[in-house]
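Before any comments, here is the structure.
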Amino acid sequence: FAGARRPHQARELQALAQSRPDQLTLIPIDVSDDDSIQAAADQVRAHADRLDVLINNAGVFPRGERLDNLDSQTMLRTYRVNSIGPMIVTQRFHPLLQAGSKVLNITSQLGSITLHMSNHYSYNSSKVALNMLTRILASELRPEGVIAVVAHPGWVQTDMGGPAAPISPAASARGILNLAERLTPADSGEFFTWEGKKHPW
Numbered sequence: 005f006a007g008a009r010r011p012h013q014a015r016e017l018q019a020l021a022q023s024r025p026d027q028l029t030l031i032p033i034d035v036s037d038d039d040s041i042q043a044a045a046d047q048v049r050a051h052a053d054r055l056d057v058l059i060n061n062a063g064v065f066p067r068g069e070r071l072d073n074l075d076s077q078t079m080l081r082t083y084r085v086n087s088i089g090p091m092i093v094t095q096r097f098h099p100l101l102q103a104g105s106k107v108l109n110i111t112s113q114l115g116s117i118t119l120h121m122s123n124h125y126s127y128n129s130s131k132v133a134l135n136m137l138t139r140i141l142a143s144e145l146r147p148e149g150v151i152a153v154v155a156h157p158g159w160v161q162t163d164m165g166g167p168a169a170p171i172s173p174a175a176s177a178r179g180i181l182n183l184a185e186r187l188t189p190a191d192s193g194e195f196f197t198w199e200g201k202k203h204p205w
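Its first residue numbered 5, the sequence shown is counted upward by one per residue in this note's numbering.
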């Protein structure tokens, strides 16, 4: 399953689905809308009784923020999509998560307090929040045998990352999937890179 706000407008996703009609189902989902999340969960549950891996990848990145131009609505939307959205998605898909299932919340190295690489108020802090929420999630789901981690996908050639990014979407996706395959219960609650290395908090 692959979710997007407007799957019919996602050309690459449509092409992938057409090339693998028996392997990929496209699901409309807006992680800033609880009703949309529930509808997506219901649609997936109509096709499957279990998810092996749940990857929360939606994100927004406001740029050019400074103290004198911070906008509360922009900050709230960023938190809603980047921090709260993954938690509500995981909540609504929880019935499909069983022992051995894995939740990967896509974070960023910009959410590392240790590294503090740039001054993007909304984006950086929303990823810090996601990191802590995932630690809490991992603690709650551990008795169920469900693994939850955060993963930095690298600087990727996407609409957000831009054409100058050094990593292709395919390479990043392969890395994230390889990471998912290798995760063990001992890894739950940790912060990884797309290459499978531990990342500083």
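All C-beta atoms, glycine included, are put in the ideal place defined by N, C-alpha and C.
Could you check whether Asn-109 and Pro-90 sit closer than 7 angstroms to each other, using their CB atoms as the reference points? As a working note, residue 90 is residue 86 in the sequence shown. As a working note, residue 109 is residue 105 in the sequence shown. Yes; because the gap between Cβ atoms is below 7 angstroms, this pair is in contact.
Would you mind working out which of Ile-180, Gly-115, Val-85 sits nearest Ser-40, comparing C-alpha positions? Here residue 40 is taken as the residue at index 36 of the sequence shown, counted from 1. Nearest option by C-alpha distance: Val-85.
Could you give the first and the last residue of the continuous beta strand (DSSP E) run that contains Gln-13? Taking the sequence shown and counting its residues from 1, the one referred to as residue 13 is at position 9. Counting along the chain, Gln-13 falls outside any beta strand (DSSP E), and DSSP gives it neither H nor E.
Throw me the rounded Cβ distance for the Ala-14 and Leu-28 pair, which I believe falls under 8 angstroms. Position 10 of the sequence shown, counted from the first residue, corresponds to residue 14. Position 24 of the sequence shown, counted from the first residue, corresponds to residue 28. Wrong, their Cβ atoms sit about 12 angstroms apart, outside the cutoff.
Cβ neighbours of Ser-87 in the same chain (closer than 6 angstroms, five flanking residues each side left out): Numbered from 1 along the sequence shown, position 83 holds the residue referred to as residue 87. Within the same chain, Ser-87 has close Cβ partners Ser-130, Ala-133, Leu-134.
In DSSP terms, what Val-153 is bridged to: Translated into the one-based positions of the sequence shown, residue 153 becomes position 149. Beta-bridge analysis with DSSP links Val-153 to Leu-108.
What's the call for Ser-176, buried or exposed, on a 16-neighbour Cβ count within 10 Å? Translated into positions along the sequence shown, residue 176 becomes position 172. Buried, because 16 or more other Cβ atoms sit within 10 Å of the Cβ of Ser-176.
Looking at the unbroken alpha helix (DSSP H) that takes in Asp-37, where does it start and where does it end? Residue 37 sits at position 33 when you count from the first residue of the sequence shown. Looking at the DSSP string, Asp-37 is not in any alpha helix (DSSP H), and its letter there is neither H nor E.
Could you round the C-beta distance between Ile-180 and Pro-204 to whole angstroms and report it? I think they count as a contact, below 8 angstroms. Position 176 of the sequence shown, counting from 1, holds the residue named residue 180. Position 200 of the sequence shown, counting from 1, holds the residue named residue 204. Not confirmed; about 19 angstroms, so no contact.
From which residue to which residue does the alpha helix (DSSP H) around Leu-58 run? Here residue 58 refers to the residue found at position 54 of the sequence shown. Note, Leu-58: premise wrong, no alpha helix (DSSP H); beta strand (DSSP E) at 55-60.
C-alpha gap between Leu-58 and Val-107, whole angstroms: Your numbering for residue 58 matches position 54 in the sequence shown. Your numbering for residue 107 matches position 103 in the sequence shown. Whole-angstrom Cα-Cα distance: 5 angstroms.
CA nearest to the CA of Val-160, picked from Ile-151, Val-154, Ser-172: Mapped onto the sequence shown, residue 160 falls at position 156. Minimum Cα distance to Val-160 is reached at Ser-172.
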